[in-house]
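J.: So that we are looking at the same thing, I have put the structure below in structure tokens.
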Amino acid sequence: MSDQALTVAYFYDIFDSVISWGERMRILVVDDEEGAQELFNIILTDEGYDVSVANCGEEALTLLKNIPFNLVITDIKMPTMDGLQLLQEIRKTGTKTDVILVTAYGEVESYLKAMSLGAAEYINKPIRIKELKRIVHKVLTEQRARSGN
920 MSDQALTVAY
930 FYDIFDSVIS
940 WGERMRILVV
950 DDEEGAQELF
960 NIILTDEGYD
970 VSVANCGEEA
980 LTLLKNIPFN
990 LVITDIKMPT
1000 MDGLQLLQEI
1010 RKTGTKTDVI
1020 LVTAYGEVES
1030 YLKAMSLGAA
1040 EYINKPIRIK
1050 ELKRIVHKVL
1060 TEQRARSGN
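For the sequence shown, the numbering used here assigns the number 920 to the initial residue and increments by one for each residue that follows.
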């Protein structure tokens, strides 16, 4: 194998989790706290993902109607529409977008409800950066395997 081919293969291996059908994986972060939005945006953008943010569930649903996201990461506790309600609404649309729920209030009931609604993961705050990266990579890798890409 030539040096150029090795370089290309190496590059693809490193960025395999962020390449989806020739494009970067798209992640929508939904949180009513600007600081949390910025933190997720910085971490995930540095990992090579295409990140968008929404301030609430309603805004997220509008974005989801117009943009195909690979993953939604949403806080559970938000005004008007919480993360569990958002997950329910996403499932009603029939989309296969994976959803990770994040909470500072790790309650067994909300965990069980999230899983029954089809959440991909449930993360307790405070979030460790390495854990976030690992979970996002795992969810997107599993998604890719399911889709056959």
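All C-beta atoms in this analysis are idealised placements derived from N, C-alpha and C, irrespective of residue type, glycine included.
So, are the CB atoms of residue 994 and residue 949 less than 8 Å apart?
T.: yes
J.: Along the chain, which unbroken stretches of the beta strand (DSSP E) at least 3 residues long are found entirely within the segment 940–979?
T.: 945–949, 969–973
J.: Buried or exposed for residue 1064, going by 16 or more other Cβ atoms inside 10 Å?
T.: exposed
J.: How big is the Cα-Cα spacing for residue 958 and residue 1047?
T.: 11 Å
J.: What residue range is occupied by the uninterrupted alpha helix (DSSP H) comprising residue 992?
T.: Under the DSSP assignment, residue 992 falls outside any alpha helix (DSSP H), being part of the beta strand (DSSP E) whose first and last residues are 990–994.
J.: Who pairs with residue 1041 in a beta bridge, going by DSSP?
T.: 1020
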